[in-house]
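S.K.: Dumping the structure here so I can ask a few things about it.
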Amino acid sequence: MTVKLQMLGTGSAFAKNYFNNNALLLGSGYNLLIDCGITAPLAMHELGRSFEEIDAVLITHLHADHVGGLEELALSLKHKTGRKMTLMLAEALVDPLWEHTLMGGLYQEGITTSLDDVFHVRPLHPDTNYSLSPEISVHLLRTPHIPGKDSYSLMLNEEVFYSADMTFEPELLTGLVRNRGCRKIYHDCQLEGPGVVHTTLDELKSLPEDIRSRISLMHYGDEKPDYIGRIAGMDFLEQHVIYDL
Ligand SMILES: Nc1ccn([C@@H]2O[C@@H]3COP(=O)(O)O[C@H]3[C@H]2O)c(=O)n1
Ligand SMILES: [Zn+2]
Ligand SMILES: [Zn+2]
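Heads up: the sequence shown begins at 1 in the UniProt record's numbering, then just goes up one per residue.
Written out as structure tokens, the structure reads:
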């Protein structure tokens with residue numbers, strides 16, 4: 001079976017017309033959630049899906065549109081099924097995820113005092129390929145986003161690049177396509193304004209055609225409808241649509 005991709009949302013952090021840019025990889029017998037933002041539980045509900053059908057969550061970085069739904073995921077799963085979700089993330093993110101993000105809401109003296117009390121934590125090393133199921137493998141690439149804060153993009157099945165949130169890295173993208181067999185790129189895209197912490201549409205439009213033709217744009221703002229037909233051979237990922245990966 002071909003692995004399917006369904007975006008829970010394709011919006012930027014503060015978009016109101018799109019859910020947070022979080023993704024479902026749907027295999028035969030294994031489902032991976034990539035990031036779990038503030039709106040992820042509502043997006044799952046709208047799709048008629050449950051966290052109970054998710055085998056693992058993979059976190060790319062610690063912004064709220066990527067981790068803000070983890071508290072509800074952990075508590076609802078525990079109360080409904082008693083199960084702890086498998087949580088995969090770069091080892092460098094494990095401590096800050098608990099200490100800077102989740103401890104406030106989840107800490108309970110004597111009951112929940114560490115991330116391991118609510119998740120099966122699986123720290124990942126960057127630049128290492130992990131086979132998660134017979135159909136899904138992932139490896140993390142550390143990419144630039146916010147100076148001083150770790151953030152990771154993903155290679156899926158060693159042939160699909162998933163940017164998460166990053167600033168423009170033309171040499172990386174060109175090299176992945178021309179030297180490492182990358183056939184598809186899902187890329188965050190800031191449609192307007194200077195690219196301080198995200199890659200801009202103008203930057204992606206500057207790429208050669210053989211790269212642009214493989215790019216689908218995600219993590220975009222509410223102004224997206226104004227840019228349809230104006231994205232230089234790339235296309236927009238639409239939330240909730242089911243794609244072949
Ligand atoms: N130095 C920063 C840090 C954050 N931000 C905004 O906050 C958002 C957090 O989620 P995001 O999707 O990474 O997008 C970030 C910027 O909009 C920003 O604009 N500049
Ligand atoms: Zn984001
Ligand atoms: Zn971010």
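For glycine and all other residues, C-beta sits at the position ideal for the given N, C-alpha and C.
1) Where do the ends of the alpha helix (DSSP H) carrying L97 lie?
2) Since I215 contacts L204 with CB under 8 Å, what's their CB separation in whole angstroms?
3) Measure the Cβ-Cβ separation of N17 and A40 and say whether it is below 8 Å.
4) If you compare alpha carbons, which of Q190, D116, S206 and M234 is closest to A15?
5) Is the Cβ-Cβ distance between H120 and L141 less than 8 Å?
6) Starting from H145 and walking both ways along the beta strand (DSSP E), at which residues does that stretch end?
7) Is the beta carbon of G148 sitting closer than 8 Å to the one on F168?
8) Any heavy atom of ligand 3 closer than 7 Å to the Cβ of D165?
9) Sorry if obvious, but does the Cβ on H61 come closer than 7 Å to a heavy atom of ligand 3?
10) Leaving aside the five residues before and after E71 along the sequence, list all residues of the same chain whose C-beta is less than 8 Å from its C-beta, in chain order.
11) What residues match up with T86 in a beta bridge as DSSP calls it?
12) Going by CA-CA distance only, name the one from L132, I136, L77 and A90 that's closest to V118.
13) If I'm right that L172 touches Y162 with Cβ under 8 Å, what's the distance once you round it to whole angstroms?
M.R.: Quick answer:
1) Unbroken run through L97: none, as it is neither H nor E.
2) Their Cβ separation, rounded to whole angstroms, is 6 Å, which keeps I215 and L204 in contact under 8 Å.
3) 8 Å or more divides the Cβ of N17 from the Cβ of A40.
4) Comparing Cα-Cα distances from A15 to each of Q190, D116, S206 and M234, the minimum goes to Q190.
5) Their beta carbons are not under 8 Å apart, which means H120 does not touch L141 by this criterion.
6) Here H145 belongs to no beta strand (DSSP E), and DSSP marks it neither H nor E.
7) Judged by their CB atoms, G148 and F168 are not nearer to each other than the 8 Å cut-off.
8) Checking the Cβ of D165 against ligand 3 gives yes.
9) Shortest gap from the CB of H61 to any heavy atom of ligand 3: under 7 Å.
10) Correct list, in chain order: L102, G105 and L106.
11) Looking at the DSSP assignment, T86 forms a beta bridge with A56 and H120.
12) Closest in C-alpha terms to V118, from the list L132, I136, L77 and A90, comes L77.
13) Wrong, their Cβ atoms sit about 13 Å apart, outside the cutoff.
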